[in-house]
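Numbering (my numbering), first residue to last: 3 to 190.
Ideal Cβ placement from N, Cα and C applies to all residues, glycine included.
Working notes, structure below.
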Amino acid sequence: MKKKITTVASALSVLVLFACSCSKDTDTSIAASQEKVIEALVSSLLSSNEGSYAVYNGGATRVVFNRGEGSDSLSANGSATLYYAGFTIPSASISTANLFSTNNKEFAEAASWSVSDSTVFHSVVLSPSDKGLLSGIRKGLVGVHKGEESLILFTSRYGFGGNQNGTINAHSALAYHIWVEDINNDTE
3 MKKKITTVAS ALSVLVLFAC SCSKDTDTSI AASQEKVIEA LVSSLLSSNE GSYAVYNGGA
63 TRVVFNRGEG SDSLSANGSA TLYYAGFTIP SASISTANLF STNNKEFAEA ASWSVSDSTV
123 FHSVVLSPSD KGLLSGIRKG LVGVHKGEES LILFTSRYGF GGNQNGTINA HSALAYHIWV
183 EDINNDTE
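See below:
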């Protein structure tokens, strides 16, 4: 009887290891596919927005449409005051149909969202050092300038991974359109 239990336990261990390795292979495959979609989207954005450029930072890509002002850029320990609009990226384009969150009232109105709750339409202060932020946002914020308008794009690996979050499906690549009001690198 003991031998049978050990055999069943061994079989279950093999199945768990197999499931985990399949899951890793699936995650790697999804990330590779999302990277190709993001590369195509970045290429399209750069060719259709004169003067724009891309900044790559460890898995996050920031397409800068308007650099803003000054030579100071956000450090990893600084903070940025900004407005944002978050999108899922199911294909090599971004559409208001894939908008899941925004604090920019004008953008919400343009996307035909209800703007009756005015408490959500105010700038937020984010810091790349905040471990509560998605890794893709933290990486994408480093280097932004006051007045900058840009789009931060990243795969699900740097977002919610295999977890669903509200209306955001598991394994979703994400993009955040940001409008930076100010930066602060004083870390007192």
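| message | Helix, strand or coil, according to DSSP, for Cys24 in the structure here? | response | Locating residue 24 in the sequence shown gives position 22, where the first residue counts as 1. At Cys24 the pLDDT is 43, less than 50, meaning the model places this residue with poor confidence; the figure from the coordinates comes in the next sentence. Correct three-state label for Cys24: helix.
| Does the Cβ of Gln166 have 16 or more other Cβ atoms within 10 Å, making it buried, or fewer, making it exposed? | Here residue 166 is taken as the residue at index 164 of the sequence shown, counted from 1. Its Cβ having fewer than 16 others within 10 Å, Gln166 is exposed.
| So the alpha helix (DSSP H) Ser116 belongs to, where does it begin and stop? | Start at 1 with the first residue of the sequence shown, and residue 116 comes out as number 114. It is not in any alpha helix (DSSP H) - Ser116 carries neither H nor E in the DSSP assignment.
| So what does Ser152 bridge to, in DSSP terms? | Within the sequence shown, residue 152 is the residue found at index 150, counting from 1. Looking at the DSSP assignment, Ser152 forms a beta bridge with Val66 and Ile180.
| message | Give me the residue from Gly70, Ser46 and Trp115 with the minimum Cα distance to Asn105. | response | Within the sequence shown, numbered from 1, the residue matching residue 105 stands at position 103. With distances taken between CA atoms, Asn105 lies nearest to Trp115 out of Gly70, Ser46 and Trp115.
| request: Go ahead and label Ser93 buried or exposed: buried means 16 or more other beta carbons lie within 10 angstroms of its beta carbon, across all protein chains shown. | output: Here residue 93 refers to the residue found at position 91 of the sequence shown. The residue in question, Ser93, is exposed, as its Cβ has fewer than 16 Cβ neighbours within 10 Å.
| Buried or exposed: which applies to Ser50, given that a residue is buried once 16 or more other Cβ atoms fall within 10 Å of its Cβ? | Walking along the sequence shown from the start, residue 50 turns up at place 48. Looking at its Cβ environment, which holds fewer than 16 other Cβ atoms inside 10 Å, Ser50 is exposed.
| Where do the N-terminal and C-terminal ends of the alpha helix (DSSP H) with Ser137 fall, by residue? | Taking the first residue of the sequence shown as position 1, residue 137 is located at position 135. Per DSSP, Ser137 belongs to the alpha helix (DSSP H) from Ser137 to Leu143.
| said: For Ala156 and Ser35, I'd like the C-alpha separation in whole angstroms. | reply: Start at 1 with the first residue of the sequence shown, and residue 156 comes out as number 154. Start at 1 with the first residue of the sequence shown, and residue 35 comes out as number 33. In the sequence under discussion, the amino acid at residue 156 is Phe, which differs from the Ala named in the question. Spanning the two alpha carbons is a distance of roughly 12 angstroms.
| said: Using CA atoms only, rank isn't needed, just tell me which of Ser46, Ile185, His179 and Glu52 is closest to Val127. | reply: Within the sequence shown, numbered from 1, the residue matching residue 127 stands at position 125. Nearest option by C-alpha distance: Ile185.
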